[in-house]
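Novice:
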Amino acid sequence: MRPHELSLKGLTARASSARVLDLHALAGRKLEDPAYVEQPLFVHPALNRSILVKHNVRSGEEDRLAPRRFNATKVIFPFDRLDLNLGGDFLFIDQRDFLGALTRRLDYTGLSLDRDVAVLRTIDKLPTLDPFLVHESLSLQQIVVGECYFRLSKTDEAEMLGFVSNEITSLIRLCFGELKANDTKAQRLSQLLLSDQNSPELAPLRDAFRMDVSEFSVAMFSWKAFLYYRWRSATVGPMLKATLNSISDIQARRFHVEEVAFVNRAKRLLEKTITTSWRDAKRQLGLYDEAFASLTGEGKLDGFQAFLTRGQSLFFELGDRIGRLEQVASFWNDRFATERMAGLSPDEILDGMRDLLQALAIDMHKDGNLNILPKEPGDSDAAAAEASKDEPGRPRGSTASG
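The following block contains the structure:
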């Protein structure tokens, strides 16, 4: 275990749902919720009060992780429950001697170590900690966890509110009739959708969808997920543009002759893969846009209702794709931004390219299904232009280093 070097209070205060899962704060809010105790995320009480952080691995930290990776999940144990300013100890999930470090820190006598390790490793495999990905990943393994553990951070809720209000105003007109000037109904229902999807105040919406309580809860969770990824996409696009521009700016003449072929091919594969994946994400968002437009523009409730009913399988794939692109862009822009490239050695750049290739599961020895073509003039410009097509909303920053 090592001390966490940054302010935990500052980290959690500005936390995004994608980057931080703050179980410490949840423990203070949800102790009276039966599901918090009966269906915990972790069975060990101390682990269930920890703070999980997606962390860009820094130079010098690679030796703690095997095999090499550029992103890891950090588990932080605050020194003091009441004062986060005092910091805490941390470990990385699946660091060297992970189980030894975990059991030296926590006494699992009478508790299921295997269950908690399974949850930790499931979370570690995800690109982000957003509640929708975490929920679906655990559900696929039939690990039951209370709904109180799958909430957006207060910061994300506040910043999403205006975007969601604009998105659902037309829907509210269908349910409640024309809105008067300064009507706060859209904002109020947006708050409920983001924070309390089971509120009785959403009953008119449930009646409009002709769903029972259980069906409506699942549908609203799916809807919230699509709204979240639509909102996040407005940040991911510019991040990917910066990443693609930086990769394009890598100059082959900086490398030894025997490395030039690797550099050129890696650049081409990275540009192609990132751009293709981003196009696929936007195509999936387009499916949501079409379903919602058929509801608000044509009043076709059944189509949108059916879309939300099967939405869980759709948003899981969408969230994983956007999350991995955001993870890749965050890492690259943090370490290899264009303005920093000149100060980096060729070996450091090569390591960064290898990390991206590994993260995107690109095999340099075969093209797979990507149909890689010889690089043509303007390829990188087209890729950057594709990534720069912003989506609606004004989300905050990315999953920066922890």
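For the sequence shown, our numbering gives the first residue as 14, with consecutive numbering after it.
From the three backbone atoms N, C-alpha and C, an ideal C-beta is built for every residue, glycine too.
If you're wondering where the values come from, they're calculated on a predicted model, not measured in any experiment.
Mind checking whether Phe145 and Gly332 have CB atoms under 7 angstroms apart?
Specialist: Yes, the Cβ-Cβ distance between Phe145 and Gly332 is below 7 angstroms.
Novice: Just to check my reading of the structure: Thr25 and Ile64 have Cβ atoms closer than 8 angstroms, yes? What is that Cβ distance to the nearest angstrom?
Specialist: Yes, they are in contact, since the Cβ atoms of Thr25 and Ile64 sit about 7 angstroms apart, within 8 angstroms.
Novice: Would you call the segment 266-280 in contact with the segment 200-207, where contact means no fewer than 3 C-beta pairs closer than 8 angstroms?
Specialist: Touching, no, given that fewer than three Cβ pairs across the two stretches are closer than 8 angstroms.
Novice: Among Ile263, Asp93 and Ala247, whose alpha-carbon lies nearest the alpha-carbon of Leu298?
Specialist: Selected option, being the one with the closest Cα: Ala247.
Novice: Pick out whichever of His37, Val249, Asp262 and Phe222 has its Cα sitting closest to the Cα of Trp291.
Specialist: Out of His37, Val249, Asp262 and Phe222, Val249 has the C-alpha closest to the C-alpha of Trp291.
Novice: If I measure Cβ to Cβ from Ser259 and keep anything under 8 angstroms in the same chain, skipping five residues before and after, which residues do I get?
Specialist: Answer for Ser259: Trp345, Asn346, Phe349, Ala350, Thr351 and Met354, listed in chain order.
Novice: Flag this pair as yes or no: are the beta carbons of Leu10 and Ala232 separated by less than 7 angstroms?
Specialist: Any answer about residue 10 is impossible in this case: the structure gives the chain only from 14 up to 415.
Novice: Would you report the Cα separation of Gln325 and Gln108, rounded to the nearest angstrom?
Specialist: Roughly 32 angstroms between the two C-alpha positions.
Novice: Taking 7 angstroms as the threshold (C-beta atoms), are Pro91 and His57 in contact?
Specialist: No, the Cβ-Cβ distance between His57 and Pro91 is not below 7 angstroms.
Novice: Residues in the same chain with beta-carbon distance under 6 angstroms from Val33, minus the five sequence neighbours each way, listed in chain order, please.
Specialist: For Val33, where only same-chain residues beyond five positions count, the Cβ hits under 6 angstroms are Val66.
Novice: What residues match up with Pro91 in a beta bridge as DSSP calls it?
Specialist: Pro91 is bridged to Gly101.
Novice: Kindly give me the distance between the Cβ atoms of Ala429 and Arg334, rounded to whole angstroms, as I take these residues to be in contact under 8 angstroms.
Specialist: In the structure as shown, the chain starts at 14 and stops at 415, and residue 429 therefore has no counterpart that could be examined.
Novice: Let's see if you can read the secondary structure: which residues bound the alpha helix (DSSP H) around Asn258?
Specialist: Val226 to Ser261 is the extent of the alpha helix (DSSP H) around Asn258.
Novice: What three-state label does DSSP hand Ser33 in the structure shown?
Specialist: According to the sequence displayed, residue 33 carries Val and not Ser. In the structure shown, Val33 sits in a strand (DSSP, three-state: E or B).
Novice: Hey, which unbroken runs of the alpha helix (DSSP H) at 4 residues or more fall wholly within the segment 299-328?
Specialist: Segments of the alpha helix (DSSP H) lying fully in the segment 299-328: 314-322.
Novice: Our contact map puts Thr135 next to Ser125 with C-beta atoms below 8 angstroms; I'd like the distance itself, whole angstroms only.
Specialist: Not a contact, Cβ separation roughly 15 angstroms.
Novice: Would you call the CB atoms of Phe234 and Gln318 closer than 7 angstroms?
Specialist: Contact: no.
Novice: Which class does Ala85 belong to by DSSP, given the choice of helix, strand or coil?
Specialist: In this structure, Ala85 counts as strand in the three-state DSSP scheme.
Novice: For Thr289, I'd like the list of residues in its chain whose CB is within less than 6 angstroms of its CB, leaving aside the five on either flank, ordered along the chain.
Specialist: Cβ within range, chain order: n/a, list empty.
Novice: Using a 10 Å radius around the Cβ and a threshold of 16 neighbouring Cβ atoms, would you call Asn69 buried or exposed?
Specialist: It is buried - the Cβ of Asn69 has at least 16 other Cβ atoms within 10 Å.
Novice: Under 8 angstroms Cβ to Cβ from Leu104, same chain only, skipping five residues before and after it: list those, please.
Specialist: Same-chain partners within the cutoff: Met14, Arg15, Lys87, Val88, Phe111, Ala114, Leu115 and Arg118.
Novice: Exposed or buried, Lys138, counting other C-beta atoms within 10 Å across all chains shown (16 or more means buried)?
Specialist: Lys138 should be labelled exposed.
Novice: How is His10 classed by DSSP in three states: helix, strand or coil?
Specialist: Any question about residue 10 goes unanswered here, given that the chain covers just 14 to 415.
Novice: Could you tell me which of Lys313, Arg323 and Leu282 sits nearest to Trp236, measuring between CA atoms?
Specialist: The candidate whose alpha carbon is nearest that of Trp236 is Arg323.
Novice: Identify, in the order they occur along the chain, each residue of the same chain with its Cβ nearer than 7 angstroms to the Cβ of Asp59, setting aside the five sequence neighbours on each side.
Specialist: The sequence given here has Ala at residue 59, not Asp. Cβ within range, chain order: Phe90 and Leu119.
Novice: Which class does His148 belong to by DSSP, given the choice of helix, strand or coil?
Specialist: His148: helix per DSSP, three-state reduction.
Novice: For Leu142, which of helix, strand or coil comes out of DSSP?
Specialist: The answer is coil: DSSP assigns Leu142 none of H, G, I, E or B.
Novice: With respect to the beta strand (DSSP E) encompassing Val66, which residues constitute its N-terminal and C-terminal limits?
Specialist: Segment Ile64 to Asn69, the beta strand (DSSP E) holding Val66.
Novice: What does the Cβ neighbour count give for Val270, buried or exposed, with the cut at 16 atoms within 10 Å?
Specialist: By the 10 Å Cβ count, Val270 comes out exposed.
Novice: Span of the alpha helix (DSSP H) holding Asp220?
Specialist: Unbroken alpha helix (DSSP H) run through Asp220: Ala216 to Phe222.
Novice: Say yes only if the C-beta of Leu112 is nearer than 6 angstroms to one or more non-hydrogen atoms of the ligand HEM, and no if none qualify.
Specialist: Here there are no bound small molecules, and the ligand HEM is not part of this structure.
Novice: Given this structure, state the Cα-to-Cα distance separating Val341 from Asp220, to the nearest angstrom.
Specialist: In a straight line, the C-alpha of Val341 is about 42 angstroms away from that of Asp220.
Novice: At a Cβ threshold of 7 angstroms, is Thr248 touching chain C?
Specialist: Here chain C cannot be found, since the structure has a single protein chain.
Novice: Below 6 angstroms CB to CB, which residues in the same chain sit around Tyr301 once its five sequence neighbours on both sides are set aside?
Specialist: So the list reads Phe239, once near-sequence residues are dropped.
Novice: Please tell me whether Gln52 and Val177 are closer than 7 angstroms, where the distance is taken between their beta carbons.
Specialist: No. Outside cutoff.
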